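A quick write-up on the structure given underneath.
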Amino acid sequence: MWKVIVRRFFVMVPQVVLLSILVFLLAKSMPGDALTGMIDPSIDPAALEAQREKLGLNNPWYIQYWDWITKAVQGDLGQSFRFKMPVTDLIGQRLLNTVWLSVATLLLTYMIAIPLGIISGRYNDTWKDRLITGYTYFGFAAPLFIFGLLMLWVFGFTLNWFPTGGSVEPGLAKGSFAYAVSKFYHLLLPAMSMALIATVTTVQYLRSEIIDTKQREFILTARAKGASESRVYNRHILRNSLLPIAALSGYEITGLIGGSIFIESIFSYPGMGQLFISSIMIRDFSVVTALVLLYGIASILGALLSDIILSIVDPRIRIQ
Amino acid sequence: MGKANNVPPQPQKFEKSPSGLSILWREIVRDKVALISLIFIGLIVVAVYGISLVLDQKQIVTVDLFSLYQKPSAQFWLGTDYGGRDVFGQLIIGTRNSLSIGIIVTLMTGFIGILLGLVSGYYGGTIDNILMRILDFFMILPAIMIIIAFVTAVPKYNVVSFSLIMTAFLWMGIARMIRSKALQERELEYVHASKTLGSSDFKIMFTQVLPNLSSIIIVSMTLNLAANIGLESGLSFLGFGFPESTPSLGTLVSYARNPQTLEFRWWIWLPASVLILVLMLSINNVGQALKRATDARQRKG
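Quick mapping for you: the protein sequence lines, in order, are chains W and C.
Note that the first sequence covers residues 1 to 320 in the UniProt record's numbering.
Note that the second sequence covers residues 1 to 301 in the UniProt record's numbering.
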């Protein structure tokens, strides 16, 4: 077990380093630098040049990279020129919103996907199964941004059931009960839109997993011993089919990252995805680099998490 | 799916076993939904490319201040947008552009993926190890963010650079699949026999192994096509795809980011949304039918 984790960790480190170099070079190649947005244009070019020299902007890229990464490790990711505040604080404000959205989405996804997958696998080739398979066909094909937009249009604007933007009703006191309720209420529609699309892979996987397990011999044995149908399904089949689903949960994080960019900008939900889009639109590059790096590390950690769970539930992987 | 017990009819003793491509074709014809989807895609393609020969892109994207936000009428079939531009014309041209870029990106990612996958799987060992570590790295990148960042970073941004950027971050799936299949194929007897006869590695890879993988390549490219059209329109929706002078389906949907348009002017964004949805659904239907055809256990007949 520990061996797997340690080995995976050593694979992970070069990935993170490579990612940070890529992100840094990307930011370097973007037009403008940290000074372009900060000072007024009437300043003397010679003074500007001196300032560049002082900040180390004329050094070769690897020295600049080293300066940047040592600061970044200590939690200093530079200044946002739009908000005139440290990037770390800015992201800190948005991080929590995105985390809430992701947690809500994951919970909803599993709450919807597991029952559907079980029904679909247990009663395969009945009308229930056809209905669910039809839904997964649709969900597999539908692009998230169109689905989110349609949800917003139908439930937000036409039916007025849900708020159409923001993360909380303005004017509520932080920490009060009404505040929490309003936050939850704002979260529901975006999380639901993302979850309804994200369930698809889990449902399909669970369904084929159950259908496969159903035909195994140990199920026949269980039936022969006189186990009731519900016991066969809950104890024998589910236990075998759910574990791979649990293991894949880490990879869901990668999907959530892509999704949050679309969903947050459609529902104008103030999270990191929306911050990314609005920052890149006005070329606020220190924020952009920090966000790409953060999201990249999150998806590396997600993959690591999946591998660890997988090695816990599936002994065959541990042995090699 | 779900026809796991349906054993395909065994070929007669002296009958030639059907080739991969004819199995694919037969499965599509048997599956009515897939057949209808295929016909629908064909009609859309012909209509869109046909009509856009007559339409003039320049004229359609020219702002007309006298007809802002008009409702659908006899003159403008689907009304006009905030610049007084005809939505129907934009829809046709947008579909053409989205389809074209989807096809180009799918072909390019397919090319890179097949090449790397074949080399990696066929040689195995160190070459495989190196290529797979590179692939692993690309897999963990937050693709959408990186593509958006590249789109803003590239100085001379146009359709060519856009499709190159998309290709650079989307080749991994097909490469991984081809690699795992090639790993299996190279252990088979025909490859060993061919090696003994002295065929070069290049010849074995591209004239002997590759044809055996053709059906799964077609399947995954079909499914990728749908995904790429979705991704391109998604990027255009966020404002990081085609420039506005080259409308895509996503550009039309992106007008709905203005809440006023979303709430009151459905004719601008709804047709494009529905078209994307139906198009992707149809391409996926065909892809799923083809996927069933490659798995003998699941074939319909």
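Backbone N, C-alpha and C fix where the C-beta goes; we use that ideal spot for every residue, glycine too.
Since this is a predicted model, take the numbers as computed values, not measurements.
In chain C, what lies closer than 8 angstroms to residue i by C-beta?
i, result
"W:L150", "S273"
"W:V292", "P142, M145, I146 and A149"
"residue 322 of chain W", "A question about residue 322 of chain W goes unanswered here, because the residues of chain W that appear run from 1 up to 320."
"W:Q15", "D136, F137 and I140"
So which residues of chain C does residue i contact, with C-beta pairs closer than 7 angstroms?
i, result
"W:M30", "T152 and A153"
"W:V288", "A149"
"W:S265", "L238"
"W:A303", "I140"
"W:S299", "I140 and P142"
Name the chain W residues whose beta carbon is nearer than 7 angstroms to that of residue i?
i, result
"C:L277", "A142 and I146"
"C:F237", "F145"
"C:A256", "L149"
"C:E263", "F157"
"C:A226", "A141"
Mapping DSSP to helix, strand and coil, what is residue i?
i, result
"W:P190", "helix"
"W:M85", "strand"
"C:D86", "strand"
"W:Q274", "helix"
"W:S80", "strand"
"residue 302 of chain C", "Only positions 1 to 301 of chain C appear in this structure, which leaves residue 302 of chain C out of reach."
"C:L169", "For clarity, residue 169 of chain C is Phe in the given sequence; the question names Leu instead. Three-state DSSP puts C:F169 in coil, outside helix and strand."
"C:Q288", "helix"
"W:Q74", "coil"
"C:N97", "helix"
"W:F184", "helix"
"C:A4", "The predicted model places C:A4 with a pLDDT of 48, which falls under 50 and marks its position as unreliable; any figure quoted below should be read in that light. Looking at C:A4 - three-state DSSP - the assignment turns out to be coil, as it is neither helix nor strand."
"W:P14", "helix"
"C:K181", "helix"
"residue 308 of chain C", "Residue 308 of chain C is absent from the structure shown; chain C starts at 1 and stops at 301."
"W:K225", "coil"
"W:P244", "helix"
"residue 340 of chain W", "Since the first residue shown for chain W is 1 and the last is 320, residue 340 of chain W is missing from the structure and cannot be characterised."
"C:G110", "helix"
"W:N234", "helix"
"residue 353 of chain W", "In the structure as shown, chain W starts at 1 and stops at 320, and residue 353 of chain W therefore has no counterpart that could be examined."
"W:T254", "helix"
Taking the alpha-carbon of residue i as reference, which of the options has the nearest alpha-carbon?
i, options, result
"W:E169", "W:L159, W:G156, W:H186 and W:G175", "W:H186"
"W:S120", "W:Y233, W:S265 and W:G250", "W:Y233"
"C:L116", "C:L281, C:L43 and C:M172", "C:M172"
"C:W266", "W:K214, W:T88, W:W153 and W:V313", "W:W153"
"C:I229", "C:L183, C:K195, C:M280 and C:Q260", "C:M280"
"W:V288", "C:A153, C:M139, C:S22 and C:S215", "C:A153"
"W:I257", "W:V103, W:Y110 and W:G139", "W:V103"
"W:V23", "W:Q93, W:A142 and W:G296", "W:G296"
"C:I101", "C:I41, C:F150, C:D295 and C:S163", "C:S163"
"W:L159", "C:N97, C:V278 and C:E263", "C:E263"
"W:S72", "W:I312, W:L294 and W:L301", "Checking the sequence, you will find Ala at residue 72 of chain W rather than Ser. Comparing Cα-Cα distances from W:A72 to each of W:I312, W:L294 and W:L301, the minimum goes to W:L294."
"C:K291", "C:Q260, C:S214, C:W269 and C:G241", "C:S214"
"C:I276", "C:I174, C:R96 and C:M221", "C:R96"
"C:F242", "C:N129, C:I174 and C:S161", "C:S161"
"C:L24", "C:K156, C:F237, C:I218 and C:I268", "C:I218"
"C:Y122", "C:Q184, C:I130, C:P142 and C:V278", "C:Q184"
"C:L131", "C:I103, C:A149 and C:A175", "C:A175"
"C:V45", "C:R26, C:F237, C:I93 and C:L210", "C:I93"
"W:I69", "W:V16, W:L96 and W:S29", "W:V16"
"C:L118", "C:F240, C:L210 and C:S200", "C:L210"
Strictly below 9 angstroms CB to CB, what residues from chain W border residue i?
i, result
"C:V253", "F145, I146 and L149"
"C:L99", "Within 9 angstroms Cβ-Cβ: nothing; C:L99 doesn't reach chain W, min ~15 angstroms."
"C:G121", "None at all; the shortest Cβ gap to chain W is about 19 angstroms."
Who are the neighbours of residue i on chain W, taking C-beta pairs under 8 angstroms?
i, result
"C:M280", "A141, A142 and P143"
"C:V284", "What sits at residue 284 of chain C in the sequence shown is Asn, not Val. Near C:N284 (Cβ distances below 8 angstroms), the residues of chain W are Y137, F140 and A141."
Cβ closer than 9 angstroms: which chain C residues qualify as neighbours of residue i?
i, result
"W:T164", "P259, L262 and E263"
"W:Q274", "Correct list: empty, because the minimum Cβ distance to chain C is about 11 angstroms."
Between the segment 200 to 217 of chain W and the segment 155 to 163 of chain W, do at least 3 Cβ pairs fall closer than 8 angstroms?
Taking 8 angstroms as the limit for Cβ pairs, the verdict is that the segment 155 to 163 of chain W does not touch the segment 200 to 217 of chain W.
Count the CB pairs spanning the segment 251 to 266 of chain W and the segment 64 to 80 of chain W that are closer than 8 angstroms, and state whether there are at least three.
The way I'd put it, the segment 251 to 266 of chain W doesn't touch the segment 64 to 80 of chain W; fewer than three beta-carbon pairs between them come closer than 8 angstroms.
The segment 160 to 179 of chain C in contact with the segment 120 to 136 of chain C per 3-pair CB rule at 8 angstroms
The segment 160 to 179 of chain C and the segment 120 to 136 of chain C touch, with no fewer than 3 CB-CB distances between them shorter than 8 angstroms.
Does the count of Cβ pairs from the segment 58 to 78 of chain W and the segment 187 to 201 of chain C closer than 8 angstroms reach three?
These segments do not touch.
So does the segment 163 to 170 of chain C actually touch the segment 105 to 115 of chain C, counting three or more Cβ pairs closer than 8 angstroms?
The segment 163 to 170 of chain C makes contact with the segment 105 to 115 of chain C: 3 or more CB pairs, one atom from each, lie closer than 8 angstroms.
Counting Cβ pairs, one atom from each stretch, are 3 or more of them under 8 angstroms apart for the segment 89 to 103 of chain C and the segment 47 to 54 of chain C?
Flag = yes, the segment 89 to 103 of chain C and the segment 47 to 54 of chain C touch.
Could you give the uninterrupted runs of the beta strand (DSSP E) lying entirely in the segment 98 to 158 of chain W, keeping only those of 3 residues or more?
Segments of the beta strand (DSSP E) lying fully in the segment 98 to 158 of chain W: there are none.
For the segment 189 to 208 of chain C against the segment 252 to 269 of chain C, are there 3 or more C-beta pairs whose distance is under 8 angstroms?
Contact annotation: the segment 189 to 208 of chain C does not touch the segment 252 to 269 of chain C, with fewer than three C-beta pairs closer than 8 angstroms.
Decide yes or no for the touch test of the segment 291 to 308 of chain W against the segment 244 to 251 of chain W: beta carbon pairs closer than 8 angstroms, at least 3 of them.
Contact between the segment 291 to 308 of chain W and the segment 244 to 251 of chain W is present, because at least three Cβ pairs lie under 8 angstroms.
How about the segment 228 to 242 of chain W and the segment 277 to 293 of chain W: do they share at least three Cβ pairs that are nearer than 8 angstroms?
Fewer than three pairs of CB atoms, one per stretch, sit closer than 8 angstroms, so the segment 228 to 242 of chain W makes no contact with the segment 277 to 293 of chain W.
If you pair each beta-carbon of the segment 234 to 243 of chain W with each one of the segment 139 to 156 of chain W, do three or more pairs fall below 8 angstroms?
Touching, no.
Hey, which unbroken runs of the alpha helix (DSSP H) at 4 residues or more fall wholly within the segment 196 to 284 of chain C?
For the alpha helix (DSSP H) assignment, the uninterrupted runs of no fewer than 4 residues enclosed by the segment 196 to 284 of chain C are, from N- to C-terminal side, 214 to 238, 249 to 254 and 259 to 264.
Contact between the segment 86 to 94 of chain W and the segment 172 to 185 of chain W (3+ Cβ pairs under 8 angstroms):
As far as the Cβ criterion goes, the segment 86 to 94 of chain W does not touch the segment 172 to 185 of chain W, which means the pair count is below three.
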